[in-house]
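Residue numbers (the working numbering): 2 to 132.
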């Protein structure tokens with residue numbers, strides 16, 4: 002599965018399913034790189050690199066949905082101040098980096114979740130988030 006001398010990769014895995022529900026492709030997130038599993042050679046091949054870097058100290062979620070891969074991270078972004086005399090506050094944001102393996106293109110979405118605490122994706126169960 003890994004070449005001689007290559008370090009073992011053990012990141013989050015997300016399988017992509019076809020219309021019939023069968024797994025057609027398997028992807029893994031290792032740091033900022035997305036790898037595709039090649040069934041024929043029994044190896045992980047580098048597919049892409051995330052558009053925005055994920056700090057090593059930050060947790061992230063990695064899921065597949067509707068033929069795309071989603072990398073979810075919590076971030077703090079500056080919120081708009083109501084007037085020039087007010088200081089800018091940092092507001093919690095949920096960032097989605099979405100990768101389409103068919104077109105090999107990324108897009109980035111940001112939303113503000115209804116909670117004020119950062120989300121730890123290592124222990125959190127994924128739930129519905131309205132954009």
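Built from N, CA and C at the ideal position, the CB exists for glycine as well.
Hey, would you say residue i sits closer than 8 Å to residue j, going by beta carbons?
i: residue 72; j: residue 51; result: yes
i: residue 120; j: residue 75; result: yes
i: residue 95; j: residue 115; result: no
i: residue 27; j: residue 48; result: no
Give me, in chain order, the residues of the same chain whose beta-carbon lies closer than 8 Å to that of residue i; leave out the 5 immediate sequence neighbours on both sides.
i: residue 32; result: 12, 55 and 57
i: residue 67; result: none
i: residue 97; result: 71, 72, 73, 109, 110, 111 and 112
Just checking my contact of residue i with residue j at CB under 8 Å: how many whole Å lie between their CB atoms?
i: residue 69; j: residue 99; result: 5 Å
Bridge partners of residue i, per DSSP?
i: residue 52; result: Answer by DSSP bridge pairing: none, since residue 52 is not bridged.
i: residue 59; result: None, per the DSSP bridge assignment.
What are the boundary residues of the beta strand (DSSP E) that residue i is part of?
i: residue 25; result: 24–31
i: residue 121; result: Where residue 121 is concerned, there is no enclosing beta strand (DSSP E), given that its DSSP letter is neither H nor E.
i: residue 106; result: 106–112
i: residue 17; result: 14–18
Does residue i come within less than 8 Å of chain C when only Cβ atoms are used?
i: residue 36; result: Going by chain labels, chain C is absent from the structure shown, which holds only one protein chain.
Skipping 5 residues on each side, what residues in its chain have a beta carbon closer than 6 Å to that of residue i?
i: residue 19; result: 25
i: residue 1; result: Residue 1 is absent from the structure shown; the chain starts at 2 and stops at 132.
Spatial neighbours of residue i within its chain, please: C-beta separation below 7 Å, excluding the five flanking residues on both sides.
i: residue 61; result: 55, 72, 73, 74 and 122
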